[in-house]
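Student: Residues 1019 to 1516 in our numbering are what the first sequence lists, from first letter to last.
I'd like to ask some things about the structure below.
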Amino acid sequence: MLKQIINVTAGASPRERSLNGRLMSDKLRDDRIAKLEKIKALSIDPWGRRYEPTAPIADIRGMYHDERPVPGVKVVGRMIANRRQGKLGFINIQDRTGIIQGMMRLDALGEEAYSLYKLLDVGDIIAIEGELGTTRTGELTIFAEKLIIMSKSLRPMPEKYHGLRDIEIRYRQRYLDLISSEESRRTFINRSLIIRHIRKHLDDDGFIEVETPMMHTVAGGAAAVPFTTHHKALDLDLFLRIAPELHLKRLLVGGLERVYEINRNFRNEGISQRHNPEFTMLELYQAFGDLDVMMDLCEALVSGCAQAVMGTMKVTCDGQEIDLSPPWKRIDYADALEQYAGIDFRDEAAVMEAARKHNIPTDGLSTIEAADKVFGVTVDHNLVQPTFVLHHPSALSPLSKVLDDDPEIGIRFEAFIGGIELANAYTELNDPLEQAERFKNQSGGDPGALDGDFILALEHGLPPAGGMGIGIDRLAMILLDKQQIRDVILFPLLRPES
RNA sequence: GCGCCCUUAGCUCAGCUAGGUAGAGCAACUGACUCUUAAUCAGUGGGUCGAAGGUUCGAUUCCUUCAGGGCGUACCA
């Protein structure tokens, strides 16, 4: 056993060594275990039981009015600061809603409880009960008459003044980040509120939330590299889904008419400030809707989230003021390309010249695909205020209907905010014969082209529909002013430490 | 994948330019302290300086490789 630990530790990275160090005994931990034993020796269970506080700390803070003390208040949370001075001490207790000070006096607590108090460490989870009032300096305080330990912490907390600066530990040990950073707590609570608002809006609008498979036999609905896995009993190779689109449309065929799914997609591609291999997507389909309905819905969802969660439709993102109130700007794909790159996507010479200028390799790319790459590097970052880019080349949009008077143009939009591509929507193609043709003509061998089962579904009759996808992580980034997707994902993918 | 940068005590950071085996604050431990809030005061302990190899009498410091991380870039209808 010992040998094993030594082997693991030798040649390790500092984090790894540190993590193993954290798992092995060290002096700080030994000190706390010694205290744990002393607490047990007092016939006190250091691991706690069910406990019902008077209220969350934020509410308790609101209970004090007109300098009238409130007796018998119960508070529970993590002790995040301890200032002891002989027979008196002050502690700060934090729960999910806030922080409150407790005053621990020997003569109020009694010998036994005060002995327990002296064995506490910053990081322990405790409950205190007593009168809510203020100290001489006016600080709102629970004057403890009773102390209960709920959980002993055997590890030291991050440094209290600077907080947790190490970005890697913030991701790997997110709980430490959440304990020590109010900012981080608020971000993830707000992310949850954003999703809650979206669900409520769609539910109220007659949509139903559904769950479709994460494991696909055909990775369709987008053009991304999938993760692969294998089902043993069926001896079947499977793909983690890159998009739920083809299944959700099957549900429209089935008559559910308004469906949405908020769930993970998986794409086996690079990790960046805006990409995590697994990310959360809202995808929705509305029978008998179209692109215009989707634009209205997109504006309503995003601006409604901002209003509901941030209390305003004007947010700041990366130092830029963004006004999310509808209606948003609209620009044609071709016009945007003309305006920001100075090219026509049908002009091969101009497109290839522009690609060269921006160091975009064009091997194996069609003119339109190359033009879209140019679009990515010239247009995206300019679309700071909410903007719908409309009417992409149909070659780039195989699942959308096309314009009556120009079959080379798809009825599609992408919504950009703060230079980030946030949403993608179509008036959905529901002609099964044309859909089969479009898949066949797809360049690059999109595996979705092989999804005969999807075509079979369309042949049973897909109602005309509008459909839209909104990247939830990116929406959270925009509304919560985070420039890193990792800062809105609780556990972003990192290499394992060992 | 490619380029540049980073890795020193549990945490936050100095030190390395010009090689002589390490310091501070917080945290911890001992003591004092019944209105503190980055509490204060006195004292103590804690590091094979990310790993391996090389140059050297001598490497945390210079070189090479590797690991992890960061930033940029590429891939990403």
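Beta carbons are placed, not taken as given, at the ideal position from N, Cα and C, and that holds for glycine.
Model, not experiment: these values are computed from the prediction.
Alpha carbon to alpha carbon, what distance is there between Leu1274 and Leu1476?
Tutor: As a first step, residue 1476 is located in the first sequence; it is residue number 458 there, counting from the start. As a first step, residue 1274 is located in the first sequence; it is residue number 256 there, counting from the start. So the alpha carbons of these two residues sit roughly 14 Å apart.
Student: How far does the alpha helix (DSSP H) with Glu1450 in it reach, from first residue to last?
Tutor: Along the first sequence, one-based indexing puts residue 1450 at 432. What sits at residue 1450 in the sequence shown is Pro, not Glu. Start and end: Pro1450 to Asn1459.
Student: Measuring only the C-alpha atoms, how far is Ile1117 from Pro1231?
Tutor: By one-based count along the first sequence, residue 1117 stands at place 99. By one-based count along the first sequence, residue 1231 stands at place 213. Approximately 43 Å, taken between the alpha carbons.
Student: In the DSSP assignment, what are the bridge partners of Gly1107?
Tutor: On the first sequence, residue 1107 is found 89 positions in, with the first residue counted as 1. Its beta-bridge partners are Arg1102 and Met1122.
Student: With a cut-off of 8 Å on the beta carbons, I'd call Ile1349 and Leu1408 a contact; round off their distance for me.
Tutor: Mapped onto the first sequence, residue 1349 falls at position 331. Mapped onto the first sequence, residue 1408 falls at position 390. That pair is a contact at about 7 Å.
Student: Taking the beta strand (DSSP E) that Gly1151 belongs to, which residues open and close that run?
Tutor: To locate residue 1151, count along the first sequence from 1; it is residue 133. Taken as a continuous stretch (DSSP letters only), the beta strand (DSSP E) holding Gly1151 covers Ile1143 to Thr1152.
Student: Find the nearest neighbour of Tyr1517 within the set Phe1393, Lys1045, Thr1334 and Tyr1303, judged by alpha-carbon distance.
Tutor: Because the chain in this structure spans residues 1019 to 1516, residue 1517 falls outside the shown range and cannot be described.
Student: Taking 7 Å as the limit between beta carbons, can you name the residues of its chain near Lys1092, skipping five residues before and five after?
Tutor: Locating residue 1092 in the first sequence gives position 74, counting from the first residue. Correct list, in chain order: Pro1071, Thr1072, Ala1145 and Glu1147.
Student: According to DSSP, is Phe1363 part of a helix, a strand, or is it coil?
Tutor: By 1-based counting over the first sequence, the position of residue 1363 is 345. If DSSP states are grouped into helix, strand and coil, Phe1363 belongs with coil.
Student: May I ask you to check if the CB of Ser1133 is nearer than 7 Å to at least one heavy atom of the ligand FMN?
Tutor: What this structure holds is no ligand at all, so the ligand FMN is not there to describe.
Student: In terms of alpha-carbon separation, which member of Arg1123, Pro1174, Leu1137 and Lys1136 lies closest to Glu1149?
Tutor: The residue labelled residue 1149 in the question sits at position 131 within the first sequence. Among Arg1123, Pro1174, Leu1137 and Lys1136, the Cα nearest to that of Glu1149 is on Arg1123.
Student: Which partner residues of Ser1290 appear in the DSSP bridge assignment?
Tutor: Within the first sequence, the letter at position 272 stands for residue 1290. Answer by DSSP bridge pairing, in chain order: His1293.
Student: Mind pulling the beta strand (DSSP E) runs of 3 or more residues that sit fully within the segment 1374–1442?
Tutor: Runs of the beta strand (DSSP E) inside the segment 1374–1442: 1405–1408, 1424–1428 and 1430–1435.
Student: Compute the Euclidean distance between the alpha carbons of Asn1110 and Gly1181, then round it to the nearest angstrom.
Tutor: On the first sequence, residue 1110 is found 92 positions in, with the first residue counted as 1. On the first sequence, residue 1181 is found 163 positions in, with the first residue counted as 1. Asn1110 and Gly1181: Cα-Cα distance of roughly 16 Å.
Student: Once the 5 residues before and after Gln1403 are set aside, which same chain residues still bring their CB inside 8 Å of it?
Tutor: Within the first sequence, numbered from 1, the residue matching residue 1403 stands at position 385. Once the five neighbours on either side are set aside, the close Cβ partners of Gln1403 are Ile1340, Asp1341, Trp1346, Lys1347 and Ile1435.
Student: Between the segment 1506–1514 and the segment 1443–1461, do at least 3 Cβ pairs fall closer than 8 Å?
Tutor: As far as the Cβ criterion goes, the segment 1506–1514 does not touch the segment 1443–1461, which means the pair count is below three.
Student: Counting along the chain, where does the alpha helix (DSSP H) carrying Gly1322 start and finish?
Tutor: Numbered from its first residue, the first sequence carries residue 1322 at position 304. Its alpha helix (DSSP H) spans residues Leu1309 to Cys1323.
Student: Grouping DSSP H, G and I as helix and E and B as strand, with all else coil, what is Gly1470?
Tutor: Stepping through the first sequence from its first residue, residue 1470 is reached at position 452. It is helical.
Student: Does the beta-carbon distance from Ile1490 to Met1331 come in below 8 Å?
Tutor: Taking the first residue of the first sequence as 1, we reach residue 1490 at position 472. Taking the first residue of the first sequence as 1, we reach residue 1331 at position 313. Against a cut-off of 8 Å, the Cβ pair of Met1331 and Ile1490 comes out as no contact.
Student: I need the DSSP call for Ile1496, collapsed to helix, strand or coil.
Tutor: Locating residue 1496 in the first sequence gives position 478, counting from the first residue. Helix, per DSSP.
Student: Is the separation between the beta-carbon of Pro1089 and that of Gly1141 shorter than 8 Å?
Tutor: Counted from its first residue, the first sequence places residue 1089 at position 71. Counted from its first residue, the first sequence places residue 1141 at position 123. No, the pair does not count as a contact, with Cβ atoms beyond the cut-off.
Student: Does the count of Cβ pairs from the segment 1283–1302 and the segment 1235–1254 closer than 8 Å reach three?
Tutor: Enough Cβ pairs lie closer than 8 Å, so yes.
Student: Would Arg1504 be called buried (16 or more neighbouring beta carbons within 10 Å of its own) or exposed?
Tutor: For the purposes of this step, residue 1504 is taken as residue 486 along the first sequence, with counting starting at 1. Buried: at least 16 other Cβ atoms inside 10 Å.
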